[in-house]
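**Q** Residue numbers (the numbering used here): 113 to 657. By construction, the Cβ of each residue, glycine as well, lies at the ideal position given by its N, Cα and C atoms.
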Ligand SMILES: C[S@@+](CC[C@H](N)C(=O)[O-])C[C@H]1O[C@@H](n2cnc3c(N)ncnc32)[C@H](O)[C@@H]1O
């Protein structure tokens, strides 16, 4: 079972929903303080990147009221080592952007440690911008003894030109700091072994005998492995030094009986390691076999900083069991929750934007058509919708777009949006390259006829087939008439659809309204049909008109 939360993860983690010691595995991929904005790039029906880009999240941190407040909280929490650490940082980082970032991270890492089970683990994905500071923060919060590995993920086998500036080496790695909650953290090294391919198998197994290929492996412990008196015994006239044999006498006798022990010319015993004895290559801390999500990758969602599924699958398989609970508190487009669902784990994802939450909902439903999960923090009724509209106009627009299945449109920071807040592409005959619906969202209490006229103009200008007007306030009579005067879009094969459709947030939430358009791309021909009530109401209005 899965749960998505929209909101600041600090508030969500401090809510009653998160009990102490309730989570098995945390993976977090917070913004790295790279001081840039990350754009979400949508695809057109033809699979090309569309013009619709939008800032998904800003990766810049500044000292301000929130940082000061969170800093104060750190000074007054129970772990005095954390207080000392953060005070020391402030001593030399002062009120810098890096200090704001570390304060934000320290507070959240404290909560994440609290919710982890004693057998749990945490993987913190970061890069060299802040990894050195974050290691100090993690050592202070989790304890240096609970540091397990720094995984170096080599993102590109062929780095892009832009990664090579003239005065430095190319930058193509991220760091993943892996900590256990205690020494009893789970770890399943064998579940993530990588099969050895035929070529590697041949180059390894250079010897041949009547039983087949093999390679020569050691039977004696090396000096660096230290003395093991209980493994020092005589076999076939040979007694090793104080380090001893690598196995007990019984095992050695069995190996010999199977024909897998041999003696070198200088009289040293060795073992024959057969391909069948090889369970695959073990994974070390350099991960160079998983490629970043490329522009043509099938799993690509267009979300900036999207991590590959294979990376998350490896982490989840190594550090959890089926049925365990995996948490990603900065879940972006939901790679960790997708991997968790695929591997039969329960999961929780948190993100601070509706853009991310809406995208994850679509991603999961596409990958797992039968999936059931809860979404918290998004408006469930009109009061919630009003509250969101009052708090954040853009979050409201993104959420309203997700209600009608539209891609949010335009960069909120760049210029006027010309009345378009979302786009839907559809295909209603095999030959067409894709048709377009423009969506206009209004979260204000006052709406009027000119807004519908503006939408009609946008539909014309964009060469779109249909315009959706999504409104929090109830539409007025003149608005209805203006919309009716827009006429119909005649689908080549599927009849007529109102060109300008007015949908209220109340109607969408109650599912008594829905956009109406024909769409071939959803498998078999499936009309996005409005419920009966809406059809009847439209008929009535048409007759009146
Ligand atoms: C680097 S992205 C994560 C990408 C993700 N691993 C994936 O594969 O898609 C970081 C995410 O953290 C979210 N975020 C930033 N601050 C947050 C906060 N305080 N609470 C919850 N989410 C936050 C951003 O909206 C963004 O989606």
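#1: How long is the line joining the alpha carbons of residue 561 and residue 626, rounded to whole angstroms?
#2: If distances are taken between C-alpha atoms only, which option among 347, 378 and 379 comes closest to residue 365?
#3: With three or more beta-carbon pairs closer than 8 Å as the criterion, would you say the region 310-329 touches the region 406-416?
#4: Does the distance between the C-beta of residue 445 and the nearest non-hydrogen atom of ligand 1 fall short of 6 Å?
#5: Given 6 Å as the limit, tell me if residue 419 has its C-beta closer than that to any heavy atom belonging to ligand 1.
#6: Are the CB atoms of residue 189 and residue 303 nearer to each other than 7 Å?
#7: If you measure from the CB of residue 468, is any heavy atom of ligand 1 nearer than 6 Å?
#8: Run through DSSP, which three-state label would residue 588 get?
#9: Could you check what DSSP says for residue 457 in three-state terms: helix, strand or coil?
#10: Quick one: grab the DSSP three-state call for residue 63.
#11: Does at least one heavy atom of ligand 1 sit under 6 Å from the Cβ of residue 302?
#12: Between the C-alpha atoms of residue 652 and residue 226, what's the straight-line distance to the nearest angstrom?
#13: With a threshold of 8 Å on Cβ separation, who are the neighbours of residue 574 within its own chain once the five nearest residues in sequence on each side are excluded?
#14: Between 386, 181, 445 and 576, which lies nearest to residue 318 when the distance is taken from Cα to Cα?
#15: I'd like the span of the beta strand (DSSP E) that includes residue 611, first residue to last.
#16: Say the cut is 6 Å; is the CB of residue 342 nearer than that to a heavy atom of ligand 1?
#17: Given a cut-off of 7 Å on the beta-carbon distance, is the pair residue 383 and residue 331 in contact?
#18: Name the residue from 259, 238 and 393 whose alpha carbon lies nearest to the alpha carbon of residue 308.
#19: Check whether the Cβ of residue 390 lies closer than 6 Å to any heavy atom of ligand 1, and answer yes or no.
#20: Take residue 220 as the anchor and find which of 546, 182 and 369 has the nearest alpha-carbon.
#21: Decide yes or no for the touch test of the region 486-497 against the region 592-609: beta carbon pairs closer than 8 Å, at least 3 of them.
#22: Give me the residue from 231, 604, 198 and 300 with the minimum Cα distance to residue 252.
#23: Taking only three categories from DSSP, how would you classify residue 553?
#24: Could you check the C-alpha separation between residue 447 and residue 589 for me, to the nearest Å?
#25: Mind checking who residue 545 pairs with in its DSSP beta bridge?
#26: Say the cut is 6 Å; is the CB of residue 442 nearer than that to a heavy atom of ligand 1?
#27: Measure the alpha-carbon distance for residue 192 versus residue 236 and round it to whole angstroms.
#28: Going by the beta-carbon positions, is the gap between residue 293 and residue 232 smaller than 7 Å?
#29: Flag this pair as yes or no: are the beta carbons of residue 460 and residue 439 separated by less than 7 Å?
#30: Output needed for residue 163: all residues of its chain with C-beta closer than 8 Å, excluding positions within five of it in sequence on either side, in chain order.
#31: With a Cβ-Cβ cutoff of 7 Å, do residue 431 and residue 137 count as a contact?
#32: On the CB-based measure, 16 or more other CB atoms within 10 Å of its CB, does residue 508 come out buried or exposed?
#33: Hey, would you say the C-beta of residue 472 is under 6 Å away from at least one heavy atom of ligand 3?
#34: Using the three-state DSSP reduction, which class does residue 521 fall into: helix, strand or coil?
#35: Let me know the secondary structure DSSP gives residue 174 once reduced to three states.
#36: What is the rounded straight-line gap between the Cα of residue 635 and the Cα of residue 477?
**A** Let me spell this out:
#1: 21 Å
#2: 347
#3: no
#4: yes
#5: yes
#6: no
#7: yes
#8: coil
#9: coil
#10: No statement about residue 63 is possible, as the shown extent of the chain runs from 113 to 657 and does not include it.
#11: no
#12: In this prediction, residue 652 scores a pLDDT of 39, lower than 50, which makes its location untrustworthy; no coordinate-derived value is stated.
#13: 532, 548 and 550
#14: 386
#15: Run containing residue 611: none; DSSP gives neither H nor E here.
#16: no
#17: yes
#18: 393
#19: no
#20: 182
#21: no
#22: 198
#23: strand
#24: 46 Å
#25: Per DSSP, none; premise fails for residue 545.
#26: yes
#27: 23 Å
#28: yes
#29: yes
#30: Low confidence applies to residue 163: its pLDDT is 45, below 50, so where it sits in the model is not reliable, and the reading given next is rough at best. Around residue 163: no qualifying Cβ.
#31: yes
#32: buried
#33: In the structure on display, ligand 3 does not appear, and the ligands it does have are ligand 1.
#34: coil
#35: coil
#36: Residue confidence is low: residue 635 scores 42 on pLDDT, short of 50, so the model does not pin down where it sits. Its coordinate-derived value is still stated next. Going by the C-alpha atoms only, they are around 14 Å apart.
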